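To start, the structure itself, in structure tokens.
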Amino acid sequence: MDTGSGLRLRESGAFPVVPELGTEHARWITQWAEFDTRYETTRFPMDYLWGPGTREGARAWLEQERPEGDSVDFTDRVFLVQNHERLLPPMRPAVAAGLPDDERVGVWHAVRADFPDDAFAHVRGSGDRSAGHAGRPGDCSACSAEVLGFGSYDEALRAAAAALGPIQAVQLPSVRLPWSTFWPDRP
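Each residue of the sequence shown is one higher than the last, beginning at 1 in the working numbering.
See below:
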């Protein structure tokens, strides 16, 4: 439902509030249906604003807060991609920094890319030496990603911090909109 403030609510029993893309990105306008607070599953950056809760609660929050539209730069974003038993969707470094210790296992990759699926595809491709993806820090000659670092959770987070500056950990509630074509199998 369009709230008139540039935000969209998911029509279901629970209502998270996430920003809506402007009409200049009309091709991607339904991407909000793939929103996830833990993983970067939308093509353009989307922030968790409120919820989930009731429709009435969402409306009350919108009336009180009246969030304004903004613009974000979606180029050269930094993602952390975890490989633990399987390759997981990319995360924002701040979200990864807020993970509990038992979820920091596996090999982590810090990647700079414009879109999360580019970061994911690079890490997936880097497992195949014949694909030509960079395995060391620097620009990848096989795709549009830049490898910032990889290794343990701490090593990847340090590589992300070297690119971004200090990272403030966030711990968001688990909110996900279930429909996703690229990320159907999220943990």
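No residue lacks a Cβ here, since even glycine has one placed at the ideal position from N, Cα and C. Model, not experiment: these values are computed from the prediction.
**Item:** Rounded C-alpha distance that separates residue 56 from residue 63
**Value:** Distance from the CA atom of residue 56 to the CA atom of residue 63, rounded to whole angstroms, is 10 angstroms.
**Asked** In chain order, what residues of the same chain have a beta carbon less than 7 angstroms from the beta carbon of residue 152, not counting five sequence neighbours either side?
**Response** 108.
**Request:** Inspect the CB distances between the region 117-124 and the region 138-147 and report whether three or more fall short of 8 angstroms.
**Result:** Enough Cβ pairs lie closer than 8 angstroms, so yes.
**Request:** Pull up the distance between the alpha-carbon of residue 103 and that of residue 93, whole angstroms please.
**Result:** Those two C-alpha atoms are separated by around 14 angstroms.
**Item:** Coil, strand or helix - residue 118 by DSSP
**Value:** In the three-state reduction of the DSSP assignment, residue 118 falls in the helix class.
**Item:** residue 147 vs residue 37 beta-carbon contact at 8 angstroms
**Value:** Remark: C-beta atoms of residue 147 and residue 37 do not approach each other more closely than 8 angstroms.
**Message:** Does the contact criterion of 3 or more C-beta pairs under 8 angstroms hold for the region 165-173 versus the region 110-120?
**Reply:** The region 165-173, when compared against the region 110-120, does not touch it at the 8 angstroms Cβ threshold.
**Asked** So residue 57 is in the alpha helix (DSSP H); what residue range does that whole segment cover?
**Response** 55-65 is the extent of the alpha helix (DSSP H) around residue 57.
**Request:** Under 6 angstroms Cβ to Cβ from residue 171, same chain only, skipping five residues before and after it: list those, please.
**Result:** Counting only Cβ-Cβ distances below 6 angstroms, and skipping sequence neighbours, we find 98.
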